[in-house]
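The structure under discussion appears below in the form of structure tokens.
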Amino acid sequence: MIRMTYGNWLFWSVLEWIGINFVWLGVFPNLPVWIGAIIATVAAVLTFIFGPRPKDDDEEEEE
Numbered sequence: 008m009i010r011m012t013y014g015n016w017l018f019w020s021v022l023e024w025i026g027i028n029f030v031w032l033g034v035f036p037n038l039p040v041w042i043g044a045i046i047a048t049v050a051a052v053l054t055f056i057f058g059p060r061p062k063d064d065d066e067e068e069e070e
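So the sequence shown is residues 8 to 70, counted in the working numbering.
What follows is the structure, encoded as structure tokens:
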């Protein structure tokens with residue numbers, strides 16, 4: 008499994024936020040945009056916090 012750095016996860020979180028907002032605008036055009044922004048923000052924060060982290064040097068030596 009590929010482990011990404013904090014910068015990579017930040018990039019994917021921002022991209023996810025933009026993508027969810029575009030999907031929200033396309034699928035639910037009559038609903039308020041701020042609801043989609045809240046959902047996108049929660050998803051991006053969860054992705055950034057709980058995404059896989061780089062392996063420590065100790066873990067690499069054990070394998």
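C-beta: ideal position from N, C-alpha, C; glycine also. Here the structure is a predicted model, which is why all the values come from computation and not from measurement.
Check, Outcome
"Expressed to the nearest angstrom, what Euclidean distance is found between the alpha-carbon atoms of P39 and V52?", "21 Å"
"With respect to the alpha helix (DSSP H) encompassing F55, which residues constitute its N-terminal and C-terminal limits?", "40-57"
"Might you give, ordered along the chain, the residues of its own chain that have their beta carbon closer than 8 Å to the beta carbon of E23, omitting 5 neighbours on each side?", "A47, A50, A51, T54"
"Within its chain, find whatever has a CB closer than 6 Å to the CB of N28; leave out the 5 residues flanking it on each side and keep chain order.", "G43, A47"
"Mapping DSSP to helix, strand and coil, what is F29?", "helix"
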